[in-house]
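One structure below.
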Amino acid sequence: MKLSPNSSDFENPESSTTRVRTPRKDQGEVLAVVENMLGANRVKLRCMDGVVRMGRIPGSMKKKTWIREGDIVIAVPWDFQDTKADVIWKYTRPQVNWLERKGFLKSR
C-alpha cells in the first residue's frame, strides 16, 4: 500500500511530539544557563533561583554531552554547599524553544 501525502498515516514533521524533561522541584533541581567554562569539567552557572553557582560536569555526562557557554542545563545544588551544583541534563535547541513557550525559562 502506497501512502499519499494527503493520507492520515503520513507523518507531518511540524506536528511531531517533543518530550522535554522538566526540573523536579521536589528533588531540588533548577534550570541554569552556562555563563563560563572554567576548565577541569567545571562551569559557572546562573541558576533561575538567582544564585550564581560553580557547576560540576559528572563523568557520565562529559564524554557523551558537549556543554558550551549559553547552553540551558538542569543543575542540582549540593546539600552542604549551596554555591556549588552538579549538572545532570543539557537541553537541545528545540527543547529550549519549548521551555520558553511554556514559561519555564524567564529572560536569558
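The working numbering puts the first residue of the sequence shown at 1, with every later residue one more than the last. Virtual Cβ for every residue (Gly too), placed ideally from N, Cα, C. Model, not experiment: these values are computed from the prediction.
Output the distance between the C-alpha atoms of Leu-45 and Lys-84, rounded to the nearest integer angstrom. Leu-45 and Lys-84: Cα-Cα distance of roughly 9 Å.
So within the region 9 to 78, which uninterrupted alpha helix (DSSP H) runs reach at least 4 residues, ignoring any that extend past its ends? Fully enclosed alpha helix (DSSP H) runs of no fewer than 4 residues occupy 59 to 62 of the region 9 to 78, in order along the chain.
Just verifying my parser: in three-state terms, what is the DSSP assignment at Lys-90? strand
For Leu-31, tell me which candidate among Gly-59, Lys-63, Pro-94 and Pro-77 has the shortest Cα-Cα distance. Pro-77
Thinking C-alpha only, which one of Gly-70, Gly-50 and Ile-88 is nearest Pro-58? Ile-88
Taking the alpha carbon of Val-34 as the point to measure from, which residue in Lys-102, Phe-104 and Tyr-91 has its own alpha carbon closest? Tyr-91
Three-state secondary structure assigned by DSSP to Lys-84: strand
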